[in-house]
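Beneath this line is the structure, given in structure tokens, with notes to follow.
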Amino acid sequence: RDVVEGEVLTVECQAKANPAPSIIWMKENSILNISLSKTEINRVTTSTFVINDFKLSNAGMYACIAINEIGNISSPAFTVNIVVRPSISAIKEDTDTVFHGGELERKETSSVMLQCTASGLPRPSIQWLRNGAILLGDEANLVVTSESIESDNGDSILNRTSVLQISKLQLSDDAQYACRAVNGFVAPIIGQNVWEFRLIVKDFDDCASSPCQNGGTCVDGTDTFTCMCTDPESSSKTCSESMTEDNSENTPPEITQHPEDQNVTLSSQVILSCVAEGRPQPLIQWYKDDKPLSAFEQNYTINSVQP
Numbered sequence: 002r003d004v005v006e007g008e009v010l011t012v013e014c015q016a017k018a019n020p021a022p023s024i025i026w027m028k029e030n031s032i033l034n035i036s037l038s039k040t041e042i043n044r045v046t047t048s049t050f051v052i053n054d055f056k057l058s059n060a061g062m063y064a065c066i067a068i069n070e071i072g073n074i075s076s077p078a079f080t081v082n083i084v085v086r087p088s089i090s091a092i093k094e095d096t097d098t099v100f101h102g103g104e105l106e107r108k109e110t111s112s113v114m115l116q117c118t119a120s121g122l123p124r125p126s127i128q129w130l131r132n133g134a135i136l137l138g139d140e141a142n143l144v145v146t147s148e149s150i151e152s153d154n155g156d157s158i159l160n161r162t163s164v165l166q167i168s169k170l171q172l173s174d175d176a177q178y179a180c181r182a183v184n185g186f187v188a189p190i191i192g193q194n195v196w197e198f199r200l201i202v203k204d205f206d207d208c209a210s211s212p213c214q215n216g217g218t219c220v221d222g223t224d225t226f227t228c229m230c231t232d233p234e235s236s237s238k239t240c241s242e243s244m245t246e247d248n249s250e251n252t253p254p255e256i257t258q259h260p261e262d263q264n265v266t267l268s269s270q271v272i273l274s275c276v277a278e279g280r281p282q283p284l285i286q287w288y289k290d291d292k293p294l295s296a297f298e299q300n301y302t303i304n305s306v307q308p
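Residue numbers for the sequence shown follow the working numbering, so the first one is 2 and each next one is one higher.
Here you go:
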């Protein structure tokens, strides 16, 4: 059986004999010296032991043995495995500089590389998401790689690292991103096994991307830049070149898939979906009763619906 770290393990052993037997518990062929709950009814002995805060050291093979003056018998051994919640242990920019989240700003056509390291048991997988959608690494300018790594302290916790690399950034890459570690047992928890950041992609700086043709001084404007230069034959005469940025491809956000009303049962799981399009890619913000939630993904999951 599998027990999540920190949760309660309760195991019961029942044996019948005449006279009524005593029960001892074994772990890895050693007697357990723990407090037990025991009852005897009609020569049937029931023994229960409880571990309230299950730890890695509690995992292993257990058995119970029933004993009286006539003899003894052992139950089949059973294994208790621990499930360690996945947690993100480090986020690095360019695999070197620790990144603490928030916003990451880059220029259009530049690149970004982030490394996400997570631990857990079983070994977690790492997913990269953009506006709630999982990135598969099948886009021309985007690569996702992943590898298993050994634990630094020699324990049984398993680690994995994954790298997200986006080259030749486009304005459409401006979005909310997340690194998510999952191992199939524990729901995503913001700040523990889900780490989010906003990638802001800026337009070319006009003066850097479109230098003045005649060697003049570039002066930035809101949507234009101007080159101011001096006529070689007259220091008092100036000329100028102007260029306007093409923002014709930018579009306002539009919700193309709205969340729908749902009838659900108490304590069940519900997933709400919202899809939006625009240029740059819009950020999705979820609200409940007109109050903002700390949720920016395309899908919003409620693991246990309550009144």
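Note that CB positions come from ideal geometry on N, CA and C, so glycine has one too.
| Check | Outcome |
| --- | --- |
| Presumed contact (8 Å Cβ cut-off) between G133 and V85, rounded CB distance | Their Cβ separation, rounded to whole angstroms, is 26 Å, which puts G133 and V85 out of contact at 8 Å. |
| Alpha-carbon spacing of I303 relative to D290, whole angstroms | 15 Å |
| Rounded separation between I89 and A119 - CA only | 4 Å |
| Supposed close pair T46, S23 - CB separation, criterion 8 Å | 7 Å |
| Close-in-space but distant-in-sequence residues of the same chain around C65 (CB under 6 Å, 5 per side omitted) | C14, I24, W26, S76 |
| Nearest-angstrom Cβ-Cβ length linking E109 and Q171, presumed shorter than 8 Å | 7 Å |
| Check whether V195 and S126 have beta carbons under 9 Å apart | no |
| Proximity of R199 and E140 at Cβ, strictly below 9 Å | no |
| Host beta strand (DSSP E) of R44 (start-end) | Note, R44: premise wrong, no beta strand (DSSP E); not H, not E. |
| Reference G138; option with closest CA among I68, D204, S163 | S163 |
| Counted within 10 angstroms of its Cβ, other Cβ atoms place Q116 as buried (16 or more) or exposed | buried |
| Uninterrupted beta strand (DSSP E) stretches inside the region 114-145 (no shorter than 3 residues) | 126-131 |
| Buried/exposed call for G7, threshold 16 Cβ in 10 Å | exposed |
| C-alpha gap between K292 and Q286, whole angstroms | 10 Å |
| Reduced DSSP secondary structure (H/G/I, E/B, other) of N184 | coil |
| In DSSP terms, what I158 is bridged to | I158 pairs with nothing; no bridge assigned. |
| Contact belief for R44 with N19 at Cβ below 8 Å, rounded distance in angstroms | 5 Å |
| Pairwise C-alpha distance: F79 and V271 | 35 Å |
| Contact under 9 Å by Cβ, S269 with Y301 | no |
| Residues bridged to N53 (per DSSP) | In the DSSP output, where bridge partners are listed per residue, N53 has none listed. |
| DSSP bridge partner residues for A179 (one or two, in chain order) | L130, E197 |
| N- and C-terminal bounds of the beta strand (DSSP E) containing V26 | It should be pointed out that residue 26 corresponds to Trp in this sequence rather than to Val. 23-28 is the extent of the beta strand (DSSP E) around W26. |
| Alpha carbon of I158 to alpha carbon of N264, nearest angstrom | 40 Å |
| Cβ shell of E29 (< 8 Å), same chain only, five flanking positions each side left out | G61, M62 |
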